[in-house]
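Chains as they are written, first to last, in our numbering: chain A, 151 to 296; chain B, 151 to 296. In this text, a Cβ means the ideal position worked out from N, Cα and C, and glycines have one as well. Keep in mind it's a predicted model, so treat the numbers as computed, not measured.
Protein chains: 2
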Amino acid sequence: MKLITRDTDYAVRALCYIAGHKKEKVCVSAIVKELKIPRPFLRKIFQALNKKGILKSYKGKGGGFELAQPPENIFLIDLIEVFQGPLKINECMFKNNVCPSIALCPLNKKITEIEKDVSAQLSGISIYSLVKKGGFIYGKKKNNKN
Amino acid sequence: MKLITRDTDYAVRALCYIAGHKKEKVCVSAIVKELKIPRPFLRKIFQALNKKGILKSYKGKGGGFELAQPPENIFLIDLIEVFQGPLKINECMFKNNVCPSIALCPLNKKITEIEKDVSAQLSGISIYSLVKKGGFIYGKKKNNKN
DNA sequence: TATAAATGATACCATATTAGTATCATTTTG
DNA sequence: CAAAATGATACTAATATGGTATCATTTATA
Numbered sequence: 151m152k153l154i155t156r157d158t159d160y161a162v163r164a165l166c167y168i169a170g171h172k173k174e175k176v177c178v179s180a181i182v183k184e185l186k187i188p189r190p191f192l193r194k195i196f197q198a199l200n201k202k203g204i205l206k207s208y209k210g211k212g213g214g215f216e217l218a219q220p221p222e223n224i225f226l227i228d229l230i231e232v233f234q235g236p237l238k239i240n241e242c243m244f245k246n247n248v249c250p251s252i253a254l255c256p257l258n259k260k261i262t263e264i265e266k267d268v269s270a271q272l273s274g275i276s277i278y279s280l281v282k283k284g285g286f287i288y289g290k291k292k293n294n295k296n
Numbered sequence: 151m152k153l154i155t156r157d158t159d160y161a162v163r164a165l166c167y168i169a170g171h172k173k174e175k176v177c178v179s180a181i182v183k184e185l186k187i188p189r190p191f192l193r194k195i196f197q198a199l200n201k202k203g204i205l206k207s208y209k210g211k212g213g214g215f216e217l218a219q220p221p222e223n224i225f226l227i228d229l230i231e232v233f234q235g236p237l238k239i240n241e242c243m244f245k246n247n248v249c250p251s252i253a254l255c256p257l258n259k260k261i262t263e264i265e266k267d268v269s270a271q272l273s274g275i276s277i278y279s280l281v282k283k284g285g286f287i288y289g290k291k292k293n294n295k296n
């Protein structure tokens, strides 16, 4: 059972990478080289993040991406919601007319509590909080010939 | 994003149903009728629960299933693990040799904490705790001709 | 102004997971 | 022996996941 899928995963890593290159635009090719993410997949991911206002893109030669928001304001929960839709632990247990009432259902109540907890915790993990501790510092570009 | 899949869902409901019929064996057909779960699917689910020692089966005419353990001892986490494998929120973020070390990775650390929280909460929800509150009392069999 | 290097848009494809179905064998009661 | 139950197992359909592929557009710069 996965809470985080591959695209969310890659997005987190790539955003951390960009966050480590503060003043620079970073192009997909550079990240692909460094993080070994399949290039077209990362392009798709970045286009989504761009549309959602998490990345800002620059087209044309010398273009690339930068964070559209400070890394303190980009949270894991946001990325999960971009790629996996809204956090919703259970959505099918109560649809039939079998359970007397979703409002009264004790399971639904408990699951909803867990959901809120998880959501709160995921909302506390920012890109900044991941980068500052050092685990995701990927080193600056060396001699990039592409 | 789902934490609970359909089979786990059905299993919970069916076990609650059985728990409401304490002294009786309950056959698949009866549950199917009451809960509107697809019959062959529920059969598959019950065979899995039987193998895991959560249900006890009686073959032959007049046979059926009963709980192999008291409902106080059957927890949501157990059912999730039967049908969805072990709770593991993230398993792919750290496999490559990109991240310096999984032990140092701040994201892994935080995700692991969330994982433990969720697991603890799911371990606190027993079939009994769902049945006793009344939300899952499905009423006894009426005149069952199958 | 042509070309190279970047992203934008979009459609497609392969694999895995989820949600079942179908069938035949076996057991048990009557 | 027949009916009614589960056991075992294989198959199938739909959806989600993890990508590819292609062409269009923009921009810097030689």
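6 Å CB neighbourhood of L199/B in its chain, flanking five on each side removed: Locating residue 199/B in the second sequence gives position 49, counting from the first residue. Closer than 6 Å at Cβ, skipping near neighbours: L205.
Alpha-carbon spacing of L237/B relative to K266/B, whole angstroms: Stepping through the second sequence from its first residue, residue 237/B is reached at position 87. Stepping through the second sequence from its first residue, residue 266/B is reached at position 116. The alpha-carbon atoms of L237/B and K266/B are separated by roughly 9 Å.
Local Cβ density within 10 Å of E174/A, reported as buried at 16 or more and exposed below that: For the purposes of this step, residue 174/A is taken as residue 24 along the first sequence, with counting starting at 1. Of the residues assessed, E174/A falls on the exposed side of the cut-off, its CB having fewer than 16 other CB atoms within 10 angstroms.
Outcome for G210/B when other beta-carbon atoms lying within 10 angstroms are tallied against a minimum of 16: As a position in the second sequence, residue 210/B is number 60, starting the count at 1. It counts as exposed.
Limits of the unbroken beta strand (DSSP E) element including F196/B: Residue 196/B sits at position 46 when you count from the first residue of the second sequence. Under the DSSP assignment, F196/B falls outside any beta strand (DSSP E), being part of the alpha helix (DSSP H) whose first and last residues are R189 to K201.
Neighbour list for K260/B in chain A, Cβ cutoff strictly below 7 Å: Stepping through the second sequence from its first residue, residue 260/B is reached at position 110. For K260/B, the chain A residues whose Cβ falls inside 7 Å of its Cβ are I275, in order along the chain.
Counted within 10 angstroms of its Cβ, other Cβ atoms place R274/A as buried (16 or more) or exposed: The residue you call residue 274/A lines up with position 124 of the first sequence. The amino acid occupying residue 274/A in the given sequence is Gly; Arg does not appear at that position. By the neighbour-count rule (16 or more Cβ atoms within 10 Å), G274/A is not buried but exposed.
Through-space distance from P220/B to A161/A, alpha-carbon basis: Within the first sequence, the letter at position 11 stands for residue 161/A. Within the second sequence, the letter at position 70 stands for residue 220/B. Between the alpha carbons of A161/A and P220/B lies a gap of roughly 45 Å.
Whether I181/B touches A169/B by CB criterion (7 Å): Counting from 1 along the second sequence, the entry for residue 181/B is found at position 31. Counting from 1 along the second sequence, the entry for residue 169/B is found at position 19. Judged by beta-carbon spacing, A169/B lies beyond the 7 Å limit of I181/B, meaning their Cβ atoms are not closer than that value.
Residues in the segment 185-213 of chain A having any Cβ partner in chain B nearer than 7 Å: The residues in question are L185 and K186.
Beta-carbon neighbours of D157/A, restricted to chain B and to distances below 8 Å: Along the first sequence, one-based indexing puts residue 157/A at 7. Among the residues of chain B, none has a CB under 8 Å from the CB of D157/A; the nearest is roughly 11 Å distant.
Neighbour flag for I264/B against chain A, beta carbons, 7 Å: Walking along the second sequence from the start, residue 264/B turns up at place 114. Any Cβ of chain A closer than 7 Å to the Cβ of I264/B would place that residue at the interface, and such an atom is present.
CB contact check: P221/A to chain B, cutoff 7 Å: Residue 221/A sits at position 71 when you count from the first residue of the first sequence. Answer no: the Cβ-Cβ gap between P221/A and chain B never drops below 7 Å.
Residues near E222/A by beta carbon distance below 7 Å, same chain, minus five either side: Looking up residue 222/A in the first sequence gives position 72. Non-local beta-carbon contacts of E222/A in its own chain, meaning distances under 7 Å to residues more than five positions away in sequence, involve S276 and Y278 in chain order.
Chain A within 7 Å of L280/B, Cβ atoms only: As a working mapping, residue 280/B is identified with position 130 in the second sequence. So yes, L280/B belongs to the interface.
Reduced DSSP secondary structure (H/G/I, E/B, other) of S179/B: The count along the second sequence starts at 1 and reaches residue 179/B at position 29. Looking at S179/B - three-state DSSP - the assignment turns out to be helix.
Length at least 4, wholly inside the segment 152-178 of chain A: the alpha helix (DSSP H) runs in chain order: Counting only runs of 4 or more, we get 156-169.
Reduced DSSP category for L237/B - H, G, I as helix; E, B as strand; rest coil: Within the second sequence, numbered from 1, the residue matching residue 237/B stands at position 87. For L237/B, the secondary structure class from DSSP, reduced to helix, strand or coil, is coil.
Close beta carbons around R193/A, own chain, < 6 Å, minus the five adjacent residues each side: Position 43 of the first sequence, counted from the first residue, corresponds to residue 193/A. Once the five neighbours on either side are set aside, the close Cβ partners of R193/A are V178.
Short CB-CB distance (under 7 Å) between L229/A and chain B: As a position in the first sequence, residue 229/A is number 79, starting the count at 1. Chain B, which has no Cβ nearer than 7 Å to the Cβ of L229/A, makes this no.
Residue-chain proximity (L217/A, chain B), Cβ-Cβ < 7 Å: In the first sequence, the residue the question calls residue 217/A occupies position 67. Closer than 7 Å: no.
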